[in-house]
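Residue numbers (the numbering used here): 154 to 627.
Glycine residues also receive a C-beta, built at the ideal position from the N, C-alpha and C atoms.
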Amino acid sequence: MKSAEDSPTKPSIASSAEGSSSSFVLRPYVGWIPTVNGRLSFRHVGDTRRPTESIFANVDTGQERIIVAYQRRPLSDILFPRLIHWARDISGDFWFTLTAKSNNSPLLADQISGKIHVFKSREDWRARADKQLRKLIGELWQLRFESQINVPAQANLAFERARQVVEDGADIEIDFDLQRNGEVYFSQPRFKEEALQRASEQFAEHDGHNIRKWVADQCYFFLRDAAHAHQHHEPSSDTILILQDRKSDDVQWRKNVIYSLHYAIIRFKRDPDARSSLRAMGILAYCKSFADCCKAKLKEDYRDFPDFNEDALLLSLQAKANEIAVAEQIVANRQNASTSKAVASRTVVLAFVAIVVATIAILIQPRISSEDKEHFPLLYQVSTFAAENFFNFIGASALIIVLTWFTTAFNMAMDNRRLGRSLLEATYVRKRSAIALLFVSGLLVIGGTIWLFKPAVLSMLEPIADFLRLFASA
């Protein structure tokens, strides 16, 4: 059964963010939030757990849709973030809020318009907006149980109060218009404090960045995460699509989006694993959907767009995915067989060694006595040494077992851990210096551990030295 929002809609008069010269000035940035069927569901805007879980209210008043949401977003991309954040006393976290309304009832709405506000620090967020906004979001959710007659007025009152809270406390704000087909238009970001704006622009200019474009991109990523489920790529793959400069032209940016999507397809296609090929197929579906949106929007102006043989590309991706899947299954079967043989061999060897050792112990036990020790001096010395250092042997055996279990029980996939990704990126960017740094760090860790636990290390080395002296004296 189709929901109300899945029904065909009639575009409203207020839906167009295009078509006039002033719109290029008011909304200089544009992007696309992927939707495979060409129609975003406004009902789910705000409900996201990427990169952190959002707190939101999305209420249908019968006359319009009201959305209030906020989310903490970690934006630091430095290497070794935990160490650097602790050493520099920084967090890299920003708080983003969304306050928006639809331009019509949920049955007819084809656009959501509103504002995104940014808080630059945890202290600003907690002092200026946290408790108030959370309370107002709770009030909006409670309206689901109220009489339909009272909902519009109460919802608008809570919305205006929420908007006022974030406007009074935020450091940056930006306007946006999100259309049903996924096209989203952004204004220039506005800093509330001139000192913050000047410092941000100077710092960004020193590194060759456009701070306004960067802020707009981050707001786009926030809105995209709030309205879009990452189905065919990692949520961290933010740069597949970014905002485009409109530059008085509503055609070129669409071509840029198509180029970006096909670049991602080719990049995934080159990866030698089946999952990447399947992701490329999903992004190809997005690309087809966006091309259809462009055709419907531009009509006769849809010309000179890049032409790709997408049917052949899809067949190629399917063939590659199947080929890699078969090859990976063959390798997996061989590895399983090899592992099974290795486990069986180790079990047999351990059982044989245990039997031999037990037999030898039984045979030599009667010989090791005070009467016969002259006939077997070395054996007597070894058995005496083992008896005197019994707990040292037990402790060393336990340590070896723990280290063996720890090193074999975990699959330390470098690309799945933040520290691993930092190490990997460091070795790619500065290979020699990274290797030297890792080597020196390893020496420092080992040396520091030995120095810190010097008595324990010496107590372990002394029995080993004594044991070796037995054979030297013999």
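Query raised in the report: To the nearest whole angstrom, what separates the beta carbons of Thr250 and Tyr223, a pair I think is in contact under 8 Å?
Result: 4 Å
Report task. Take Val368 as the anchor and find which of Lys273, Thr500, Ser244 has the nearest alpha-carbon. Result -> Lys273
Query raised in the report: Is DSSP giving Arg202 helix, strand or coil here?
Result: coil
Query - Between the CA atoms of Leu611 and Ile617 - distance to the nearest angstrom - result: 10 Å
Query raised in the report: Since Ala282 and Gly322 are thought to touch, with beta carbons under 8 Å apart, how far apart are those beta carbons, to the nearest angstrom?
Result: 5 Å
Query - Near the ligand MG: Ile436 beta-carbon under 7 Å from a heavy atom - result: The ligand MG is not part of the structure shown, which contains no ligands of any sort.
Requested in this report: Write down every uninterrupted run of the alpha helix (DSSP H) in the stretch 338–399 whose length is 4 residues or greater and which is fully enclosed by it, in chain order.
Outcome: 347–359, 364–380
Query raised in the report: Which stretch, first to last residue, makes up the alpha helix (DSSP H) that contains Ser262?
Result: The residue asked about is misnamed: residue 262 is Ala in this sequence, not Ser. No alpha helix (DSSP H) contains Ala262, which DSSP labels as neither H nor E.
**Report entry** Same chain, Cβ closer than 6 Å to Arg630, neighbours up to 5 away in sequence not counted
**Finding:** No information on residue 630 is available, as it lies outside the stretch 154 to 627 that the chain covers here.
Query raised in the report: Between Ser353 and Phe298, what straight-line distance do the alpha-carbon atoms span, to the nearest angstrom?
Result: 45 Å
Report task. Quick one: using the 10 Å Cβ neighbour count with 16 as the cut-off for buried, is Lys400 buried or exposed? Result -> exposed
Query raised in the report: Would you call the stretch 324–341 and the stretch 188–203 in contact, with 3 or more CB pairs under 8 Å?
Result: yes
Query raised in the report: Along the chain, where does the beta strand (DSSP E) that runs through Tyr223 open and close?
Result: 218–227
**Report entry** Ser174, DSSP secondary structure in three states
**Finding:** The predicted model places Ser174 with a pLDDT of 44, which falls under 50 and marks its position as unreliable, so this point remains unresolved.
Query raised in the report: Applying the criterion that 16 or more other CB atoms from any shown protein chain within 10 Å of the CB defines a buried residue, is Lys473 buried or exposed?
Result: buried
Requested in this report: Report the residue from Arg287, Asn256, Val304, Arg275 whose alpha carbon sits nearest the alpha carbon of Thr214.
Outcome: Val304
**Report entry** Counterpart residues of Gln255 in DSSP-defined beta bridges
**Finding:** Going by the sequence as given, residue 255 is Ser instead of Gln. Answer by DSSP bridge pairing, in chain order: Ile265.
Query - Entirely enclosed alpha helix (DSSP H) segments - the stretch 386–467, minimum 4 residues - result: 405–423, 427–451
Query raised in the report: With DSSP run on the structure shown, which of helix, strand or coil describes Gly595?
Result: helix
Report task. Kindly indicate which residue of Leu228, Ile419, Cys440, Pro204 has the alpha-carbon position closest to the one of Ser469. Result -> Ile419
Query raised in the report: Who does Gln332 pair with in a DSSP beta bridge?
Result: Gln264
Query raised in the report: Thinking just about the alpha-carbon of each residue, which of Leu605, Leu451, Ile327 is nearest to the one in Arg180?
Result: Ile327
Query raised in the report: Taking the C-alpha atoms as reference points, what is the distance between Val319 and His381?
Result: 24 Å
Query raised in the report: Given Ala357, which residues of its chain have a CB within under 6 Å of its CB, disregarding the five upstream and five downstream residues?
Result: Ile364
Requested in this report: Following the continuous beta strand (DSSP E) through Phe209, name the residue where it begins and the one where it ends.
Outcome: 208–213
Query - Reduced DSSP secondary structure (H/G/I, E/B, other) of Val319 - result: helix
Query - With 16 other Cβ atoms within 10 Å as the buried cut-off, status of Ala589 - result: exposed
Query raised in the report: When you compare only the Cα positions, how much space is there between Tyr455 and Cys447?
Result: 7 Å
Query raised in the report: Which one or two residues does DSSP pair with Trp294 in a beta bridge?
Result: Note: Trp294 sits in no beta bridge, so no partner.
Query raised in the report: What does DSSP give as the partner residues of His270 in its beta bridges?
Result: Thr250, Glu326
Query - CB-CB length for Val221 against Leu310, believed under 8 Å - result: 12 Å between Cβ atoms; not a contact.
Query raised in the report: Where Pro530 and Lys494 are concerned, what is the direct C-alpha to C-alpha distance, given to the nearest angstrom?
Result: 42 Å
Query raised in the report: Which class does Gly600 belong to by DSSP, given the choice of helix, strand or coil?
Result: helix
Query - Proximity below 8 Å, CB of Leu414 to CB of Cys440 - result: yes
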